[in-house]
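*Asks:* For the sequence shown, this note's numbering assigns the number 3 to the initial residue and increments by one for each residue that follows.
C-beta atoms are modelled at their ideal positions from N, C-alpha and C, and glycine is treated no differently.
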Amino acid sequence: MSRRTLKAAEAIRQIVGMAILTDIQDPRVKDVTVVRAEVSGDMQTAKVYVSVMGDEAKQNLCLKGLKSCAGYLQSKIAKRMETRYVPHLQFVLDQGVKNQLLVSKMLDEEFGRASVGDGVPDEDVPDTDDEDYEDDYEEDDEENYEEDDNK
């Protein structure tokens, strides 16, 4: 990609992201994050990758809402960018986060590790809420003070 298309893609990502956040009133378009945008070399089309929180039905509903708002979003882009052509917007569901979670789960199953936040305490980390831990800690401090006094 050329520098020009990269700059245009970043501008489109920002404009579309802010418009979705502040301007669009469509109830289908909720919990959407614009992840990135890619602009074709001739600046005729732009793919806007979005991440939608929720199940597959909610994601598909949100994509339909975004496609219906594409004309409005293109007009917002035309007002902010000074280009000969306003790219035609195509919305694509970004599967990056979903794929990351799937790979992480597969690795955890393969290596038998517990997932972060699953409620299983690490064996190497002492439980600081335990009263015995606090007593041991205080005894260690007293021993250190006694050693310092003997020096």
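#1: Which term fits Ala10, buried or exposed, when burial requires 16 or more other beta carbons within 10 angstroms of its beta carbon?
#2: Is the distance from the Cβ of Lys32 to the Cβ of Val94 below 7 Å?
#3: Could you give the DSSP three-state label for Gln102: helix, strand or coil?
#4: From the DSSP output, read off the bridge partner residues of Phe113.
#5: What residue from His90, Met83, Thr85 has the CA that sits closest to Leu68's CA?
#6: Return the CA-CA distance between Lys78 and Lys107, expressed in angstroms with no decimal places.
#7: Measuring only the C-alpha atoms, how far is Lys81 from Val34?
#8: So for Tyr87, helix, strand or coil by DSSP?
#9: Taking the alpha helix (DSSP H) that Arg15 falls in, what are its first and last residues?
#10: With a threshold of 6 Å on Cβ separation, who are the neighbours of Glu12 within its own chain once the five nearest residues in sequence on each side are excluded?
#11: Could you tell me the distance, in whole angstroms, from the CA atom of Glu112 to the CA atom of Val99?
#12: For the beta strand (DSSP E) containing Lys49, list its first residue and its last residue.
#13: Suppose you measure from the CA of Val105 to the CA of Asp96; what does that come to, to the nearest Å?
#14: In angstroms with no decimal places, state the Cα-to-Cα distance between Ile22 and Gly114.
#15: Are there any heavy atoms of the ligand ATP lying less than 6 Å away from the beta-carbon of Leu8, as far as the coordinates show?
*Replies:* On the basis of the data shown:
#1: Ala10 comes out buried.
#2: No, the pair does not count as a contact, with Cβ atoms beyond the cut-off.
#3: In the displayed model, Gln102 falls within a helix according to three-state DSSP.
#4: None, per the DSSP bridge assignment.
#5: The residue among His90, Met83, Thr85 with its C-alpha nearest the C-alpha of Leu68 is His90.
#6: Rounded to the nearest angstrom, the two C-alpha atoms are 40 Å apart.
#7: Taking the straight line joining both Cα atoms gives about 23 Å.
#8: For Tyr87, the secondary structure class from DSSP, reduced to helix, strand or coil, is coil.
#9: It spans 5–24 - the alpha helix (DSSP H) in which Arg15 sits, taken as one unbroken run.
#10: Closer than 6 Å at the Cβ level, and outside the excluded window around Glu12, lies no residue.
#11: Cα to Cα, Glu112 sits roughly 20 Å from Val99.
#12: For Lys49, the enclosing beta strand (DSSP E) covers residues 47–54.
#13: Annotation: Val105 to Asp96 spans about 16 Å, alpha carbon to alpha carbon.
#14: Looking at the two C-alpha atoms, the distance is approximately 41 Å.
#15: What this structure holds is no ligand at all, so the ligand ATP is not there to describe.
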